[in-house]
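Each remark here refers to the structure printed beneath this line.
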Amino acid sequence: MLNTLEPHPGGWERLATTFVWSAAALVTATFCWLLGDIIWHGLSHISWAFLTTPPRNAGREGGIGPILVSTLLILGVCLGVAVPLGVGTAVLLAEFTTDTSLFGRLTRRSLDVLSGVPSIVFGLFGNAFFCKTLGLGFSILSGGLTLACMVLPILIRSTEEGFRTVPTGYRLSAAALGLSRTTTLLYLLLPAAVPGLLVGLVLGVGRAIAETAALIFTSGYVDRMPQSLLDSGRALSVHIFDLSMNVSGGDSHAYASALVLIFALLAINGATSWLTKHWLSRRIVTV
Amino acid sequence: MKPFSATPDTQPWAPLEQRPACCVPKPFIEVEQLSLHYGQKPAFHGVTLAINQGCITAIVGPSGCGKTSFLTSLNRLTDLIAGCRVEGRIHLDGLDVLAPQTDVIHLRRRVGMIFQKPNPFPLSIRKNLEFPLREHGLRDRERLAGAIETGLRDVGLWDEVKDRLDSPALALSGGQQQRLCMARALVLAPEVLLMDEPCSALDPLSSGIVEDLIVSLRSRYTVLIVTHNLAQARRIADYAALFWTQNGTGRLIEAGTAKHIFGTPHEPLTVAYVSGMRG
Ligand SMILES: Nc1ncnc2c1ncn2[C@@H]1O[C@H](COP(=O)(O)OP(=O)(O)O)[C@@H](O)[C@H]1O
Ligand SMILES: [Mg+2]
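From first to last, the protein sequence lines are chains F and Y. 1 is the number of the first residue of the first sequence in our numbering; add one for each residue after it. 1 is the number of the first residue of the second sequence in our numbering; add one for each residue after it.
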């Protein structure tokens with residue numbers, strides 16, 4: 001404390017500043033190096049044909065068309081299941097249980113444990129439950145459902161946070177105006193909680209789209225164009241893994257696929273922050 | 001028991017201010033032996049009070065003596081607080097407020113509330129009024145527009161905002177926000193208006209505007225206002241009640257006409273409080 005009163009920062013302070021700055025620089029540099037490496041090796045292969053044609057020769061040639069479709073389908077299943085379930089659970093946790101109730105505590109604790117479980121465990125669980133027990137086999141549906149289990153904890157916790165940041169004043173004044181609980185929830189609390197939901201979505205989708213271990217066991221390897229949700233489909237991350245580990249001479253296309261994946265992630269991030277800023281602020285004013 | 005007496009004040013003191021003949025001294029809300037606990041902690045205990053129709057009743061007292069809690073028990077907002085227990089009886093125009101079968105939505109439509117901190121919804125000015133009206137069944141566009149205009153005129157906000165009804169309510173000044181909240185409550189045509197320190201978060205100018213507004217509500221609504229501002233209570237109230245914390249719980253010390261409370265109080269605490277020596 002005293003240091004801040006001195007005209008010149010003391011030695012410790014200078015050291016700490018240097019440390020903090022170099023740590024930040026290191027992190028940024030690592031990311032830039034990674035991105036640069038991928039762009040350097042991958043960019044030359046990216047073309048419209050690469051994005052739309054099926055892979056040939058185990059992925060050494062051709063493109064990633066069916067793989068992109070499978071990835072999107074898996075993501076679609078995952079979100080289609082996880083978002084309604086996640087919002088429902090978050091509403092229950094934030095609005096209908098107290099911090100001290102047994103049910104609320106139990107649910108929150110389970111979610112925290114679940115969000116720390118390694119993805120390979122989810123993969124094995126999905127394989128045993130969705131593929132075998134429910135008989136869905138290696139399919140996009142199994143993969144999407146497994147991913148849904150994986151992202152649910154993140155989604156629920158951040159949506160719940162979103163609900164909790166809504167000032168109590170809104171709830172009180174809504175109740176004082178004789179608004180029903182449902183109306184309050186739908187028109188006041190939910191719009192206000194959407195930013196939290198979006199943050200959860202970004203984190204969840206980021207985790208889902210980059211997932212390999214959980215998908216190898218559930219949606220499988222097949223790199224043909226899927227005909228239905230019950231077909232096996234190869235996700236982009238699985239494709240990258242396969243090209244770089246199992247296919248000699250697949251490196252260049254692995255780099256190109258990784259570049260597509262990174263751009264997809266950046267696009268999702270950007271779109272979400274844009275959504276939060278523009279669309280949401282307008283929406284709230286005009287329910 | 002200290003209900004407001006129906007007999008006219010015969011004190012020789014000059015009236016604090018000339019009151020319009022608003023007050024039919026007819027109790028509209030009757031509170032008997034009301035107590036409220038948050039978990040194990042008592043907020044107030046054994047309050048018996050009658051609130052007359054069409055009058056402004058001020059509740060005064062130091063912080064933490066249960067004034068806000070008392071107000072929120074009248075419209076059952078206490079239902080929203082986990083662990084909050086209300087005991088006793090409240091009758092509002094014959095309606096048993098605390099009975100479990102009482103329709104709270106209907107009750108809260110009859111008993112509007114204004115909070116200490118202005119809290120318009122994060123919607124446009126128009127939607128702030130339209131939303132509760134729609135919820136209570138008014139769908140016709142023209143009638144909605146009419147009700148919104150009347151509501152805003154009632155609080156003197158119409159001329160200030162009529163050109164920007166679709167801009168966010170949160171962009172208004174604090175005083176305007178508070179008047180918007182009053183309009184939002186008034187458009188639902190309540191019979192009672194509970195106000196919890198409605199001016200304490202406002203600058204003196206806005207505070208004066210809101211105060212004039214409250215005075216204009218006299219005789220059309222039964223107003224119950226909590227205020228820290230004794231001068232304000234003196235200026236606007238027909239009746240007054242003093243709450244105080246005794247033995248860790250809030251109690252009603254004395255209630256009566258404003259003339260009585262501010263002029264000739266019986267209780268030593270009231271004497272000390274209104275003369276500014278305590279509280
Ligand atoms: N939601 C709550 N939970 C627990 N205690 C509360 C709550 N609200 C108020 N209290 C307590 O009840 C007492 C009365 O509070 P309040 O009614 O807000 O008093 P006032 O409005 O007169 O300042 C205070 O001691 C306060 O700490
Ligand atoms: Mg208070």
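Beta carbons: idealized from backbone N, C-alpha and C, even for Gly.
Spatial neighbours of residue i in its chain, beta-carbon cut-off 7 Å, leaving aside the 5 residues before and after
i: residue 94 (chain Y); result: none
i: residue 188 (chain F); result: 170, 174
i: residue 288 (chain F); result: Past the boundaries of the shown model lies residue 288 (chain F); chain F is included only from 1 to 287, so the question cannot be answered.
i: residue 49 (chain Y); result: 31, 241, 252, 255
i: residue 269 (chain F); result: 202
i: residue 167 (chain Y); result: 124, 125
i: residue 230 (chain Y); result: 60, 274
Residue range of the beta strand (DSSP E) that includes residue i
i: residue 84 (chain Y); result: 84-92
i: residue 257 (chain Y); result: 249-257
i: residue 95 (chain F); result: Taken as a continuous stretch (DSSP letters only), residue 95 (chain F) belongs to no beta strand (DSSP E), being part of the alpha helix (DSSP H) at 65-96.
i: residue 33 (chain Y); result: 27-38
i: residue 58 (chain Y); result: 56-60
i: residue 239 (chain Y); result: 239-246
i: residue 51 (chain Y); result: 41-52
i: residue 225 (chain Y); result: 222-226
Below-9 Å beta-carbon distance, residue i vs any chain F residue
i: residue 70 (chain Y); result: no
i: residue 104 (chain Y); result: yes
i: residue 135 (chain Y); result: yes
i: residue 195 (chain Y); result: no
i: residue 50 (chain Y); result: no
i: residue 112 (chain Y); result: yes
i: residue 75 (chain Y); result: yes
i: residue 188 (chain Y); result: yes
i: residue 109 (chain Y); result: yes
i: residue 117 (chain Y); result: yes
i: residue 251 (chain Y); result: no
i: residue 159 (chain Y); result: no
i: residue 80 (chain Y); result: yes
i: residue 62 (chain Y); result: no
i: residue 184 (chain Y); result: yes
i: residue 204 (chain Y); result: no
Short CB-CB distance (under 9 Å) between residue i and chain Y
i: residue 191 (chain F); result: yes
i: residue 171 (chain F); result: yes
i: residue 167 (chain F); result: yes
i: residue 276 (chain F); result: no
i: residue 177 (chain F); result: yes
i: residue 141 (chain F); result: no
i: residue 174 (chain F); result: yes
i: residue 159 (chain F); result: no
i: residue 188 (chain F); result: yes
i: residue 13 (chain F); result: no
i: residue 269 (chain F); result: no
i: residue 183 (chain F); result: yes
i: residue 98 (chain F); result: yes
i: residue 273 (chain F); result: no
i: residue 248 (chain F); result: no
i: residue 115 (chain F); result: no
Run of the alpha helix (DSSP H) containing residue i, from where it starts to where it stops
i: residue 113 (chain Y); result: Segment 111-114 is the beta strand (DSSP E) holding residue 113 (chain Y); no alpha helix (DSSP H) there.
i: residue 170 (chain F); result: 168-176
i: residue 194 (chain Y); result: Segment 192-196 is the beta strand (DSSP E) holding residue 194 (chain Y); no alpha helix (DSSP H) there.
i: residue 128 (chain Y); result: 125-135
i: residue 50 (chain F); result: 48-52
i: residue 191 (chain F); result: 190-209
i: residue 216 (chain F); result: 213-216
Cβ-based neighbour list, residue i, same chain, cut-off 8 Å, excluding 5 preceding and 5 following
i: residue 275 (chain Y); result: none
i: residue 126 (chain F); result: 142, 143, 145, 146, 149, 214, 217, 218
i: residue 44 (chain Y); result: 34, 35, 36, 65, 66, 69, 70, 243, 249, 250, 251, 252
i: residue 220 (chain Y); result: 54
i: residue 15 (chain F); result: none
i: residue 130 (chain Y); result: 144, 148
i: residue 154 (chain F); result: 115, 200, 203, 204, 207
Residue i CB to nearest heavy atom of ligand 3 below 8 Å
i: residue 73 (chain Y); result: Ligands present in the displayed structure are limited to ligand 1 and ligand 2, and ligand 3 is not among them.
Contact set for residue i: own chain, Cβ-Cβ below 6 Å, skip 5 residues either direction
i: residue 108 (chain Y); result: 75
i: residue 220 (chain F); result: 138, 232
* Would you check if there are 3 or more beta carbon pairs closer than 8 Å linking the region 187-205 of chain Y to the region 111-125 of chain Y? => Note that the region 187-205 of chain Y touches the region 111-125 of chain Y; at least 3 beta-carbon pairs, one per stretch, sit closer than 8 Å.
* Asked: Can at least three beta-carbon pairs, one atom from the region 55-65 of chain Y and one from the region 78-90 of chain Y, be found at a separation below 8 Å?
  -> Contact between the region 55-65 of chain Y and the region 78-90 of chain Y is absent, because fewer than three Cβ pairs lie under 8 Å.
* Inter-stretch contact (C-beta, 8 Å, three-pair minimum) for the region 241-252 of chain F and the region 50-65 of chain F -> Output reads yes: the region 50-65 of chain F touches the region 241-252 of chain F.
* Is the region 138-148 of chain Y touching the region 200-208 of chain Y in the sense that three or more CB pairs, one from each, lie closer than 8 Å? -> Segments in contact, no.
* **Any 3 or more C-beta pairs closer than 8 Å across the region 151-158 of chain Y and the region 170-189 of chain Y** => With three or more CB-CB distances shorter than 8 Å, the region 151-158 of chain Y counts as touching the region 170-189 of chain Y.
* Could you tell me whether the region 35-44 of chain F touches the region 177-195 of chain F, using the rule of 3 or more Cβ pairs below 8 Å? => No: fewer than three Cβ pairs fall under 8 Å.
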